[in-house]
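Engineer:
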Amino acid sequence: MVPILYGLPTEEGFEAARRGEVKLGGCLVEPWKPEWWCLACDAGFRTRGKR
879 MVPILYGLPT
889 EEGFEAARRG
899 EVKLGGCLVE
909 PWKPEWWCLA
919 CDAGFRTRGK
929 R
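Residue numbering for the sequence shown follows our numbering, starting at 879 and increasing by one per position.
#1: Please look up how many angstroms separate the CB atoms of Pro912 and Gly922, rounded, as I've assumed it's under 8 Å.
#2: Any idea if Val907 is buried or exposed, counting beta-carbon neighbours within 10 angstroms, 16 or more meaning buried?
#3: Counting C-beta neighbours from all protein chains within 10 Å, is the total for Leu886 16 or more, i.e. buried, or is it exposed?
#4: Using the beta-carbon count (16 or more within 10 Å), is Leu917 buried or exposed?
#5: Drop a sphere of 10 angstroms on the beta-carbon of Trp910, count the other beta-carbons inside from all chains shown, and report buried for 16 or more, exposed for fewer.
Structural data, given as structure tokens:
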């Protein structure tokens, strides 16, 4: 799981996305959008949850 970065990314944000540390979520920041992205199943989630 990686956090989703919303808004216009900085150069550091783009670099983190290239390294797979964050998922770029687009410019619109809305309360119902997911906060976490699962790299294994390619899906977004509101909370990270517990394992």
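No residue lacks a Cβ here, since even glycine has one placed at the ideal position from N, Cα and C.
Structural biologist: Looking at the atomic coordinates:
#1: On the sequence shown, position 34 is the one that residue 912 refers to. On the sequence shown, position 44 is the one that residue 922 refers to. The C-beta distance from Pro912 to Gly922 rounds to 3 Å, short enough to fall under 8 Å.
#2: Working through the sequence shown from its first residue, we reach residue 907 at position 29. Label assigned to Val907: exposed.
#3: Counting from 1 along the sequence shown, the entry for residue 886 is found at position 8. Exposed is the call here.
#4: What you label residue 917 is simply residue 39 of the sequence shown in a count that begins at 1. So Leu917 ends up on the exposed side.
#5: As a first step, residue 910 is located in the sequence shown; it is residue number 32 there, counting from the start. Answer is exposed; the Cβ neighbour count stays below 16.
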